[in-house]
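If you read the sequences in order, they're chains A and B. With my numbering applied, the first sequence corresponds to residues 64 to 405, in that order. With my numbering applied, the second sequence corresponds to residues 108 to 372, in that order.
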Amino acid sequence: MLPPHDPAAAGGAAILAQGLGRSYGPVLGVRDIDLHVDTGAVVGLLGPNGSGKTTLIRMLATLLRPSAGQARVGGADLRTQPGEVRRHIGLTGQYAAVDQFLTGRENIRMTARMLGMSRADAGRRAEDLLGSFDLRDAADRPLSTYSGGMRRRLDLALSLTGRPSIVFLDEPTTGLDPRSRFAMWTVIEGLVADGTTVLLSTQYLEEADRLAERVVILDHGLVVAEGPPDALRAQVGAHVVDLTLTDPADGRAALDALAGLASAPVEHSPGSRELRVPVAGSEALPDVVRLLDAAGVRFRGLAVHEPSLDDVFLALTGRPAPPPSGMTAPEKDPTMPPMVTT
Amino acid sequence: MSTLPLLHPSVRVEVAELTGRNLRKIMREPTLVFFSLAMPVIMLTLFSQVFRSVSQSSDFPAGVSYIDYLLPAVLCTTLAQSATTSSTAIATDLEEGMVDRFRSMPIHAWTVLLARNLSDVVRGMLQSLVMLVLGLAVFGFRFHGTLLEAVGTLLVALPLSFALNWLFIWIGVLVHKPETTQIAGMLVTFPLMFASSAYVPIASLPGWLQVVAKVNPLSYTVDAARGLALGHPDAGAFWKSLLVATVLACVSVAGATTAYRRIDR
């Protein structure tokens, strides 16, 4: 078996990065990343596409070489002891790295054997993992018959085969349907309960909120905020009111009327009908209506919702998150209304 | 390390598991199996008909039928051609993220490449066997020498096959796009196959091509295999073939493992 991780070697930190950066090659750059993940902690890396989450995770998983800074993962130096780092980690990337010509069981057995388990141990490990990942019925079917959610679960099972003490999950639920996403969350929560350290990247505030005790927000390769999800919420405002004006010319008046009520800067592009107003709670809704009425501003749409990643970004960076399409999404046209994700 | 790295138990397990995985992958892709086996059949059929008139030329060895001349050569060219699939396979593993998984695991980097090579050697040998059986049963091929020489005919191209697989694994790691590796493969193998002694006697080629064919490493292997099949072994060609394969293997092993360790994306 793999030697146990010695937390003392890294001063209690499973992952410790200082000034970590990567600035060349075909990957999105990241700069000056300081990261401290305690042993047994679950930290969420939150950011839109192109913010550098994958680059950071791939660096910490020894797949990309840093161009600046240093890091220790599982007590081992990332630059000088990548082989030692690999003894402590499991990686589940954005795309399931499973062998589609093998069955689920063969995939796990092969991985277990290569990690040094005997044939008997490998067989037992496969049986255990297939059971806990709800794959037992499909265990001996080729992967071509697996759904996307099943592939992701198998991928995660492969990453956990050697019982790593640190697990990297790069957007584990992106592209999954709600049911598969929920199943994945349950699996991740089980991991955490076993004391595994988890660094998880996601585009969904909801996911980070549910799984992570601390969230690190990345934007354009830089850490822009860090803290428990609740603290981030407080920064953003507990709720967001989306307002659609009847007459775009009323924008200025609406801004003035609501300035005192908003818990963070109101977003509005001159000439647009749309306003986005962070407020302390949903009970502020009547006040919004009253204030607008008093100012003589007419509106045709009003909706209140929980803050989304967009709202977090707006509050932290003063601009909306890039659209969740391609990796090299261009800067959003500032005259366009922001995308609402509720 | 106290033992030779090749003998370390973890290395044996890694190579065995990865080779088994590659072979299962080949066997479970019926279209790949079909085309891998159809290719030599088509080559034998076409070449034995298209180039048949060569046996009437004055440069051709007297008293030898064209199929007896051709088959040992096609055994060699098939192995050379099949090496190109090594680069496509490793590029596919790179593209599909399997290499990411292997690289994030505490295993030896080079076992992934060695297993790739061994499974492709096995596949190449199966192709050779199919071709040999077909040549004997359908095309009227026969060995002129001893049984030992017949076995030698089948095995003499193995070192070159192993070496070429390393070269193509190197290319696959560098190019890392399956479609591109296929074109790169043809670019390397076509001149190797045709500017050689494989299909026609070198003396019947145009002057400049004779120069190329004489230094073409595949010509040595073809001459060695043909000598064995026709019952007059060519020791010179055999040693030259072995030397070329050894040098190519050494350079390509170093290149491929270095390129694999330097993967940084």
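Don't be surprised by glycine CBs; every beta carbon is placed ideally from N, CA and C.
Contacts with chain A at 8 Å (Cβ-Cβ) do not include B/Arg223. For A/Glu169, the enclosing alpha helix (DSSP H) has its first and last residue at 167 to 177.
Residue state for B/Leu243 is assigned as helix, using DSSP reduced to three classes.
Taking a contact to require three or more Cβ pairs closer than 8 Å, the stretch 126 to 146 of chain A and the stretch 277 to 290 of chain A do not qualify as touching. Against chain B, the CB of A/Met173 has a partner CB under 8 Å away; the residue lies at that interface. Contacts with chain B (Cβ-Cβ distance below 7 Å) from the stretch 78 to 103 of chain A involve Gly88, Pro89, Val90, listed in chain order.
When B/Leu151, B/Tyr367, B/Gln317, B/Leu144 are compared, the shortest CA-CA separation from B/Gly279 is found for B/Tyr367. The beta-carbon of A/Pro205 is placed less than 8 Å from the nearest beta-carbon of chain B. Against chain B, the CB of A/Met247 has no partner CB under 8 Å away; the residue lies outside that interface.
Nearest Cα to A/Pro292 within the set A/Asp233, A/Val375, A/Leu221, A/Gln144: A/Val375. For B/Ser117, the residues of chain A that pass the 7 Å Cβ criterion are Gly179, in the order they occur in the chain.
Not one beta carbon of chain B lies nearer than 8 Å to the beta carbon of A/Gly167. The three-state secondary structure of A/Thr117, taken from DSSP, is helix. In the structure shown, B/Phe158 adopts coil according to DSSP, grouped into three states. At a cut-off of 8 Å between beta carbons, B/Gly204 contacts chain A. Distance from A/Arg277 to A/Trp248 at the Cβ level is roughly 17 Å; contact not present, criterion being Cβ atoms closer than 8 Å. For A/Ile229, the enclosing beta strand (DSSP E) stretches over residues 229 to 233.
A/Glu234 counts as buried, since no fewer than 16 other beta carbons sit within 10 angstroms of its beta carbon. Relative to A/Gly179, the option among B/His115, B/Pro340, B/Asp341 whose CA is nearest is B/His115. A check of alpha carbon separations from B/Cys183 across B/Leu325, B/Ala344, B/Asp371, B/Asn129 identifies B/Leu325 as the nearest. With a threshold of 8 Å between beta carbons, A/Leu154 makes contact with chain B. Take B/Ala331, set aside five residues on each side of it, and the residues of its chain with a beta-carbon closer than 7 Å to its own are Val263, Asp341, Ala344, Phe345, Ser348, in chain order. A direct Cα-to-Cα measurement between A/Ser326 and A/Asp319 gives close to 14 Å.
If you check each beta-carbon in the stretch 101 to 135 of chain A against every beta-carbon of chain B, the ones closer than 7 Å belong to Ala124, Thr125, Leu126, Leu127, Arg128. Not one beta carbon of chain B lies nearer than 8 Å to the beta carbon of A/Phe362. In the DSSP assignment, A/Asp184 falls within the unbroken alpha helix (DSSP H) covering 182 to 195.
With respect to A/Leu217, A/Gly167 sits close: the two C-beta atoms are nearer than 8 Å. Secondary structure at A/Pro205: strand, using DSSP grouped into helix, strand and coil.
Partner residues in the beta bridge of A/Ser264, as assigned by DSSP, are A/Leu108, A/Asp233. The residue among A/Arg242, A/Val250, A/Pro241 with its C-alpha nearest the C-alpha of A/Leu232 is A/Val250.
Under a criterion of Cβ atoms nearer than 7 Å, the residues of chain B adjacent to A/Tyr158 are, in order, Gly204.
For A/Arg149, the nearest beta carbon of chain B is closer than 8 Å to its own beta carbon. About 5 Å separates the beta carbons of A/Gly153 and A/Leu223, which is inside the 8 Å limit, making them a contact pair.
Secondary structure remark: continuous beta strand (DSSP E) runs of at least 3 residues inside the stretch 320 to 353 of chain A, in chain order: 337 to 342.
Closer than 9 Å at the C-beta level to chain A, one finds these residues of the stretch 210 to 239 of chain B: Arg210, Ser211, Met212, Pro213, Ile214, Thr218. Contact check for A/Leu379 against A/Ile280 passes: the beta carbons are separated by less than 8 Å.
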